[in-house]
Amino acid sequence: MDDLETVLIEFDETSGVGTIALNRPESLNALNDQLSQDVVTGLQRLEEEELRVAVIEGVGDKAFCAGADIGGFSSESSVERSERPVHTFVSEFPVPVVAKIDGYCLGGGFELALACDLRLASADSEFGFPEVNLGLLPGAGGVQFVTKLCGPATAMELAMRGEHVSAEWAAEEGLVNHVYSTDQFESEVESFVTQLAGQAPLAIRAIKKSARMAVDAGRSEGRQYDRRLFNELLTTDDFAEGAAAFSEDREPEFEGR
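Numbered by UniProt numbering, the letters in the sequence shown go through residues 1 to 257 in order.
As structure tokens, then:
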């Protein structure tokens, strides 16, 4: 699969795992217009394959993404700047998106990681919203998301203080799913992603829809939505295969149908 100007794209046909690598290491993979568009284009290309899990990572050993490249965005209104299409696209992407974080994960890069469904970090990673130090707030919904995920106190502390926090702190607050030691990071992430990719594809997509729905929906509406998704899954070949495999005491072979 051909790379783009600012991202490297890989797809493993065996596992169904696709990888988008942010490739601006000279600027700690800072987001600009081109990188934002290339992430969207890269995911669109992966979606044409039999994709089960997408991984976003940063090239180099210093940063996942150190934030927005302030000088790298074109002129645009404050309204347009406040909601980057890349963040919305990632959060609404139909298959799970995993942020593989090694190094700095700051500002717009932190928001990109939060737009992903799951976040795996090395112990040396650092997180934060430094925008307040420029007289700004996170512009792509970071405060909103952290508030919904962890409560307003954590969100305000991160955004108001503008300081870096450790991967361990982020995990304790629920912002990161798992933290791995540096020497085990690559193998642990590979194991996690491979296991996730082996699950029933339609069920995984439904779980993602349900979780995203819960962020904005009331509990009653969310339950009704879950029930509809559950009933839809009962009619799939994957459910039939899963039920058969369970009764036969074997591993299922899901095909996403």
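Every residue, glycine too, gets a C-beta built ideally from N, C-alpha and C.
| Check | Outcome |
| --- | --- |
| Straight-line Cα distance separating Val39 from Ala21 | 9 Å |
| Sufficient close CB pairs (3 or more, under 8 Å) joining the segment 198 to 205 to the segment 115 to 135 | no |
| Own chain residues within Cβ distance below 6 Å of Phe239, not counting five before or after | Leu233 |
| Within 8 Å, strictly: CB atoms of Leu35 and Val59 | no |
| Simplified DSSP assignment, three categories, for Leu106 | strand |
| Segment contact flag, the segment 44 to 59 with the segment 88 to 96, C-beta cutoff 8 Å, min 3 pairs | yes |
| Status (buried if at least 16 other CB within 10 Å, exposed otherwise) for Ser125 | buried |
| CB contact check: Ala170 to chain D, cutoff 8 Å | In the structure shown, chain D does not exist; there is a single protein chain. |
| C-alpha distance - residue 258 paired with Ser15, whole-angstrom precision | As shown, the chain starts at 1 and ends at 257. That puts residue 258 outside it, with no answer to give. |
| Cβ distance (whole Å) where Gly162 is taken to contact Gly128 below 8 Å | 7 Å |
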